[in-house]
Structures are given as structure tokens and as C-alpha cells.
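Numbering-wise, the working numbering comes out as the position in the sequence shown, counting from 1, plus 75. Yeah, the Cβ is synthetic: ideal placement off N, Cα and C, and Gly gets one too. Since the model is a prediction, treat every value here as computed from it, not as a measurement.
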Amino acid sequence: MVTRRVAVLAGFLLSVLQLSLTSFILPVWAACAPQADDMNFTLEGKITEKSAGKLTVSSGENMIFHVLYNDKTEIKKKDGNPGTDRDLRSGVTISVAGDLAESGEITAKKINIEGEGSQKP
């Protein structure tokens with residue numbers, strides 16, 4: 076579990092570094108080369124809030140992510156069966172694979188439900 080957290084933290088720090096470099100170098104670099112809008116990103120954490128098409132996920136260590144999803148997002152339950160939007164609720168632990176936008180939001184391509192949480196009434 077510690078190795079996974081270190082890998083997630085390292086990926087996040089590399090993303091922050093890339094976003095920081097992009098914001099300083101972009102004005103000069105934009106004239107020379109096209110900019111990639113998205114990058115591959117993975118995350119594991121617990122859903123803390125849910126609204127239509129958007130999850131707030133806490134990965135621990137005070138790191139919060141906003142995850143966007145839609146009808147093209149593949150949702151799978153822990154047993155491998157297909158999941159639905161209704162399976163995504165506060166307290167549920169998920170892993171997300173998708174694209175990290177410069178805004179910091181993650182557009183999910185896949186959401187795997189790793190553990191069930193308590194369902195709010």
C-alpha cells in the first residue's frame with residue numbers, strides 16, 4: 076500500500092511540475108510547438124462529494140481531485156461486473172484512469188470501484 080501511495084504521490088508531483096513548467100515556458104514554447112491538452116493520469120481515493128457528472132475524490136494527505144465522468148466512462152465494480160453512476164457515492168473508494176487537464180480536473184475514461192463505503196441517507 077505504501078508503494079502505491081508513493082507512486083500516486085510521485086505521479087501527482089510530476090504532473091504539478093509539468094503544469095508549473097508549462098505555465099512559465101508556454102508563451103515562448105507555443106510559438107515553436109503545439110501544446111498537448113491532456114495527459115495520462117491515474118488516481119486512487121475516496122469519493123467525498125458527488126454531483127451530476129462530477130466527483131470530488133480525496134486521495135489522502137490533503138490532496139483533493141475533481142473527476143469528470145460521462146456515459147462513455149467505463150465503470151466497473153470490485154467483482155469485475157459493470158457498474159453505474161448509482162454505484163458512485165460518498166465514502167466509496169475508487170481508482171480512476173483518465174486525462175489530467177491543465178485546469179486540474181481529471182476526465183475519467185475508467186473508474187474502478189475498489190471498496191464500498193457508507194451510503195448517506
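Give me the residue from the options with the minimum Cα distance to residue i.
i: I169; options: K147, F140, E177 and L175; result: F140
i: D160; options: V171, T148 and K153; result: T148
i: A127; options: G135, R164 and S134; result: R164
i: S134; options: E124, N145 and L118; result: L118
According to DSSP, is residue i part of a helix, a strand, or is it coil?
i: D174; result: strand
Can the beta-carbon of residue i be found closer than 8 Å to that of residue j?
i: I122; j: D162; result: no
i: F116; j: I186; result: no
i: G190; j: V171; result: no
Taking residue i as part of the beta strand (DSSP E), name the residues at either end of that continuous run.
i: L130; result: K129 to G135
i: K147; result: Here K147 belongs to no beta strand (DSSP E), and DSSP marks it neither H nor E.
i: N115; result: D113 to S126
i: G190; result: I181 to G190
Assuming residue i contacts residue j (C-beta within less than 8 Å), just tell me the rounded distance between them.
i: L143; j: K129; result: 6 Å
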